[in-house]
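To start, the structure itself, in structure tokens.
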Amino acid sequence: MKPPFEFGQVVFIARASSHDRQEIPCPVCYGKRRVTVILGNDEQVSIECEYCSHGCNPASGRASEWKPWSSVVETTVTGIKLEHGKWCIECAAYVGSDAEIFTTREAAEEARIVMFAAAIERAQACNHSMKYNGRKRLSWHVGYHRAAVRRAQHDLEYHGRKVTDLAKGIEA
Ligand SMILES: [Zn+2]
Numbered sequence: 037m038k039p040p041f042e043f044g045q046v047v048f049i050a051r052a053s054s055h056d057r058q059e060i061p062c063p064v065c066y067g068k069r070r071v072t073v074i075l076g077n078d079e080q081v082s083i084e085c086e087y088c089s090h091g092c093n094p095a096s097g098r099a100s101e102w103k104p105w106s107s108v109v110e111t112t113v114t115g116i117k118l119e120h121g122k123w124c125i126e127c128a129a130y131v132g133s134d135a136e137i138f139t140t141r142e143a144a145e146e147a148r149i150v151m152f153a154a155a156i157e158r159a160q161a162c163n164h165s166m167k168y169n170g171r172k173r174l175s176w177h178v179g180y181h182r183a184a185v186r187r188a189q190h191d192l193e194y195h196g197r198k199v200t201d202l203a204k205g206i207e208a
């Protein structure tokens with residue numbers, strides 16, 4: 037089996053990814069850090085934006101989304117290996133399959149365009165589901181915090197009564 041490239045040959049690598057993280061204004065609260073949720077009875081509740089708060093950190097008004105990127109890199113072949121019937125090519129800092137390595141910049145550019153289109157689609161699908169799930173989660177949090185308020189009110193009334201009863205005992 038003849039190797040697809042030679043040692044020291046100048047080649048062009050097409051690369052694309054949908055996983056370049058970039059910071060954007062929060063797509064749910066638009067940087068306001070709070071959102072208003074309208075409940076089924078038309079009551080409006082203002083709550084902290086859950087989408088841009090992480091763990092114990094308060095809402096930041098900033099979020100991150102996946103940005104696709106692609107490039108063509110000119111490099112030279114520094115190693116050629118045959119692994120399980122497939123050529124594995126080493127080029128300076130890159131090791132990968134020969135499917136992404138080309139002898140001309142034009143061929144690499146053509147492959148980059150196809151790979152970039154796929155990366156854009158993956159990034160959009162990922163960003164869409166992140167945004168959708170973030171919004172969906174808000175209604176759950178309204179329910180959760182309301183239940184906590186009801187519990188706290190109940191406790192407050194209970195302990196308030198206890199204090200009053202104790203005070204009556206002291207007076208008597
Ligand atoms: Zn937010």
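First residue of the sequence shown? That's 37 in this note's numbering, and the numbers climb one at a time after it.
Cβ atoms here follow ideal geometry from the backbone N, Cα and C, with glycine treated the same way.
Keep in mind that this is a model prediction, so the values were computed, not measured.
C-alpha distance - T111 paired with F48, whole-angstrom precision: 6 Å
Near ligand 1: Y87 beta-carbon under 6 Å from a heavy atom: It does: the Cβ of Y87 is within 6 Å (strictly closer) of some heavy atom of ligand 1.
Through-space distance from V199 to G205, alpha-carbon basis: The straight-line gap from Cα to Cα measures roughly 10 Å.
8 Å contact criterion, which I83 and H195 should meet: CB distance rounded: Actually they are not in contact, since the Cβ atoms of I83 and H195 sit about 26 Å apart, beyond 8 Å.
Pairwise C-alpha distance: T140 and V113: About 13 Å.
V108 Cβ short of 6 Å to ligand 1 heavy atom set: no
Contact test: V64 Cβ vs ligand 1 heavy atom, cutoff 6 Å: yes
Neighbourhood of K103 by C-beta distance below 7 Å, restricted to the same chain and skipping five residues each side: D56, Q58, A159
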